[in-house]
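**Q** Heads up, the sequence shown is in numbering that gives the first Met the number 0, so the first residue is 0 and it goes up one at a time.
Here you go, one structure.
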Amino acid sequence: MPLARAHSVALLGVDGHVVEIEADVGDGLPGFHLVGLPDAALHESKDRVRAAIVNSDQKWPNQRIVLALSPATLRKAGSAFDLALACAVLGAKEVLPQAALDRTVLLGELALDGRLRPVRGVLPCLLAARAAGMERAVVPESALTEAALVEGIEVHGAAGLDAVLAFLQHGHALHRPGPVVHDEVVQPLDLADVVGQDDARHAMEIAAAGGHHVLLVGPPGTGKTMLAQRFVGLLPRLGAEEALALAAVRSVAGRLPGGDALSTVPPFVAPHHSSSMAALVGGGSGLARPGAVSLAHLGVLFMDEAPEWGAAMLDALRTPLEEGEVRLARAEGTVAYPARFQLVLAANPCPCAPAHDRDCVCPSLVRRRYLGRLSGPLLDRVDLRARMFPVTALSAASGEGEDTATVRARVHAARAAAAQRWSAFGWRTNAEVPGPVLRTRFALPRPVVRPLDAGLRAGELTARGADRALRVAWTLADLGGRDRPDEDLIETALYFRDRRAA
Ligand SMILES: Nc1ncnc2c1ncn2[C@@H]1O[C@H](COP(=O)(O)OP(=O)(O)O)[C@@H](O)[C@H]1O
Ligand SMILES: [Mg+2]
Ligand SMILES: [Zn+2]
């Protein structure tokens with residue numbers, strides 16, 4: 000009985016699962032049956048597979064064809080199975096030897112004329128294939144650079160079904176990837192470009208050192224965007240594993256750059272406030288795509304004009320901020336994407352956004368309410384606030400600010416100190432440490448926390464505000480090479496708190 004097996008990969012979020020496709024071509028009413036939870040797009044592959052086979056000068060068997068995808072319980076979506084489906088059919092017709100299909104994973108959508116079209120998520124698919132013991136992979140030619148990032152699996156790129164058949168039948172060579180390139184010559188933007196704004200620069204340094212989220216408030220044209228863009232330059236480079244995890248997200252989003260796909264520069268993602276919810280947190284039809292929060296994984300999410308984003312969008316950030324991932328509920332089930340980022344929020348002090356506060360035309364109530372649009376639960380996670388002021392001749396004369404390399408050196412030393420202190424607890428940065436831990440196990444002596452007690456008594460500070468200040472104070476201690484904060488550092492930390500009515 001003619002039976003053949005081919006392999007492809009199903010993606011759930013950034014997790015791939017190898018799928019076995021069994022083809023049975025036999026007697027019975029001519030027809031084409033797909034079994035094993037295929038979605039609508041996969042059903043359409045029947046027509047594509049048939050046309051592609053015929054247009055690649057192969058005979059289409061006018062018989063009863065059953066294609067079973069297993070594991071059957073695994074959800075399978077999209078068009079990436081086309082190539083494997085076609086090869087399984089041709090295997091069952093003994094056009095292709097089964098030995099050529101063994102331990103070979105086949106990825107790609109087929110055009111009607113037999114061309115192999117690119118699909119999203121080739122990188123995580125190959126990671127899964129390698130883990131499942133697959134030895135080689137055939138991918139669309141355009142995915143070769145991306146596929147080459149996965150070591151330990153032999154990768155071949157093809158432009159069309161005919162080339163794949165020649166490869167599997169006769170061993171005719173397909174395209175092989177070139178060496179992995181690292182073209183990180185692009186000079187990152189430097190902090191030295193930012194004139195004045197000592198407070199905000201200091202806040203960015205603390206944020207980078209402690210992993211704190213930060214809010215910058217100031218009139219237009221004061222350098223909020225400039226500073227945010229320079230923030231990633233202060234963060235440590237990604238490790239190899241992290242770079243691969245980020246590349247996997249980009250691959251699924253269809254946003255993996257061709258050149259240096261395995262960049263170790265933390266991402267900087269700046270969605271506009273007119274973005275859709277799907278663009279921010281992920282979604283879309285069919286295979287849910289990762290959104291900005293996931294593209295910013297292990298890097299920085301910059302939300303400019305934060306109060307303009309609207310409550311629903313800002314609220315949607317809470318899960319990723321708390322859990323470091325987003326879960327997207329779909330009709331067919333839930334998909335999770337990683338989303339552990341540092342948030343940089345920027346806001347004008349009021350809706351009319353004048354260059355100078357004195358030119359503001361907003362009624363005082365409007366002015367006060369504007370930043371109030373940022374919800375309490377969101378701001379609870381933002382440990383640092385900094386005000387920015389119009390750049391004056393005076394601040395310009397204050398001399399050159401430090402450059403990125405200088406500040407980064409302090410940031411890295413501080414991060415190392417924090418990581419060591421918390422390593423036994425599984426936290427990497429001060430921002431991750433829950434308030435109660437800082438108040439109990441790592442409680443500071445009474446005299447040191449006096450400013451916090453005073454603020455709480457006077458009602459100027461909430462308990463959460465006190466926790467935020469404590470976290471920041473620990474980062475200031477790390478930056479200063481101290482083993483714990485003193486009273487002065489607590490005062491400095493309090494300086495970077497929320498003073499909305501500014
Ligand atoms: N502090 C600053 N130092 C140097 N240039 C600045 C500064 N603030 C603003 N600029 C100039 O103004 C432009 C706009 O700054 P931007 O960062 O977009 O301001 P904002 O985001 O606060 O509106 C910058 O490209 C830069 O040329
Ligand atoms: Mg701006
Ligand atoms: Zn105003």
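Think of the CB as a built atom: it goes at the ideal place given N, C-alpha and C, for glycine as much as any other residue.
Quick one: give me the first and last residue of the alpha helix (DSSP H) that ALA158 is part of.
**A** Counting along the chain, ALA158 falls outside any alpha helix (DSSP H), and DSSP gives it neither H nor E.
**Q** May I ask you to list the residues that DSSP assigns as paired with PRO139?
**A** Bridge partners of PRO139: ALA157.
**Q** Quick one: is the Cβ of CYS349 within less than 6 Å of any heavy atom of ligand 3?
**A** Yes, since a heavy atom of ligand 3 falls inside the 6 Å radius drawn around the Cβ of CYS349.
**Q** From the DSSP secondary-structure annotation, give me the bridge partner or partners of SER69.
**A** Answer is GLU19, bridged to SER69.
**Q** Within 10 angstroms of its Cβ, does ARG288 collect 16 or more other Cβ (buried), or is it exposed?
**A** Its Cβ being crowded by 16 or more others within 10 Å, ARG288 is buried.
**Q** Pairing CB atoms from the segment 53 to 63 with CB atoms from the segment 5 to 14, are three or more of them under 8 Å?
**A** The segment 53 to 63 is not in contact with the segment 5 to 14.
**Q** Taking DSSP's pairing of strands, which residues face PRO289 in a bridge?
**A** Answer is GLY281, bridged to PRO289.
**Q** So the candidates are ALA408, ASP198, PHE301; which of them puts its Cα closest to the Cα of ARG236?
**A** It is ALA408.
**Q** Do you know offhand how far ALA40's Cα is from LEU377's?
**A** Each residue's Cα considered, the two are about 38 Å apart.
**Q** Check the DSSP bridge columns for SER374 and list the partner residues they point to.
**A** Note: SER374 sits in no beta bridge, so no partner.
**Q** Have a look at LEU469 and PRO444 and give me their C-alpha separation to the nearest angstrom.
**A** So the two alpha carbons sit approximately 12 Å from each other.
**Q** Quick one: what does DSSP say ARG537 is sitting in, helix, strand or coil?
**A** The chain is shown only over 0 to 501; residue 537 falls outside these bounds and no answer can be derived.
**Q** Should PHE441 go down as buried or exposed, given a rule of 16 or more other Cβ atoms within 10 Å for buried?
**A** Classification of PHE441: exposed, given that the 10 Å Cβ count is below 16.
**Q** Leaving out the 5 sequence neighbours to the left and right, which residues in its chain are closer than 8 Å to GLY283 when beta-carbon positions are compared?
**A** So the qualifying residues of the chain are ALA277.
**Q** If we ignore side chains and look at the alpha-carbon of each, how far apart do ALA501 and LEU344 end up?
**A** Because the pLDDT of ALA501 is 36, which lies under 50, any placement of that residue in the model is unreliable, and the number read from its coordinates should be weighed accordingly. About 17 Å.
**Q** Do the CB positions of VAL325 and VAL299 come within less than 7 Å of each other?
**A** Contact flag unset, no.
**Q** Does ligand 2 have a heavy atom nearer than 6 Å to the CB of ASP161?
**A** No, ligand 2 has no heavy atom inside 6 Å of this Cβ.
**Q** List the residues that DSSP assigns as beta-bridge partners of LEU327.
**A** According to DSSP, which records beta bridges pairwise, LEU327 is partnered with VAL334.
**Q** Taking 8 Å as the limit between beta carbons, can you name the residues of its chain near ALA242, skipping five residues before and five after?
**A** Excluding positions up to five away in sequence, the list reads LEU261, SER262, THR263.
**Q** From which residue to which residue does the beta strand (DSSP E) around ARG449 run?
**A** No beta strand (DSSP E) holds ARG449; the alpha helix (DSSP H) holding it covers 449 to 456.
**Q** State the CB to CB distance for the pair VAL88 and VAL121, rounded to an integer number of angstroms; the pair is presumed to be in contact (CB under 8 Å).
**A** That belief does not hold up - the Cβ atoms of VAL88 and VAL121 are roughly 23 Å apart, past 8 Å.
**Q** Just the Cα atoms here: how many angstroms apart are ASP38 and LEU286?
**A** When rounded, the distance between both Cα atoms is 10 Å.
**Q** With distances taken from CA atoms, which of LEU294, LEU84, VAL17, GLY177 is nearest PHE31?
**A** Nearest option by C-alpha distance: LEU84.
**Q** If you draw a straight line from the C-alpha of ASP81 to the C-alpha of HIS272, how long is it?
**A** Cα to Cα, ASP81 sits roughly 38 Å from HIS272.
**Q** Quick check on the burial criterion: 16 or more other C-beta atoms within 10 angstroms. Buried or exposed for HIS355?
**A** It is exposed - the Cβ of HIS355 has fewer than 16 other Cβ atoms within 10 Å.
**Q** Using beta-carbon positions only, say whether LEU383 and PHE495 come within less than 7 Å of one another.
**A** It is a contact, given that the beta carbons lie within the stated cut-off.
**Q** Between ASP101, ALA239, LEU111, which lies nearest to VAL137 when the distance is taken from Cα to Cα?
**A** Of ASP101, ALA239, LEU111, the residue nearest in Cα terms is ASP101.
**Q** Can you list, in chain order, the residues of its chain whose CB lies under 7 Å from that of GLU490, leaving out five sequence neighbours each side?
**A** The answer, listed in chain order, is PRO450.
**Q** Quick check: ASP477 and GLY434, are their CB atoms within less than 7 Å of each other?
**A** No, these two residues do not count as a Cβ contact at 7 Å.
**Q** Would you call LEU28 buried or exposed, if buried means 16 or more other Cβ atoms sit within 10 Å of its Cβ?
**A** Counting Cβ neighbours within 10 Å, LEU28 comes out exposed, since fewer than 16 surround it.
**Q** Leaving out five residues before and five after GLN168 in sequence, what residues of the same chain have Cβ atoms less than 8 Å from its Cβ?
**A** Only VAL94, LEU95, PRO96, ALA99 meet the Cβ criterion.
**Q** State the CB to CB distance for the pair VAL18 and LYS75, rounded to an integer number of angstroms; the pair is presumed to be in contact (CB under 8 Å).
**A** Indeed they touch by this definition, with Cβ atoms about 6 Å apart.
**Q** Would you tell me roughly how many angstroms separate the C-alpha atoms of VAL24 and GLY253, rounded to the nearest one?
**A** Their Cα atoms are separated by approximately 35 Å.
**Q** Is the number of C-beta pairs between the segment 333 to 351 and the segment 411 to 427 that are closer than 8 Å three or more?
**A** Touching, no, given that fewer than three Cβ pairs across the two stretches are closer than 8 Å.
**Q** Can you round the beta-carbon distance between SER78 and GLU145 to whole angstroms, since I take them to be within the 8 Å contact cut?
**A** Not really, about 17 Å apart at Cβ, beyond 8 Å.
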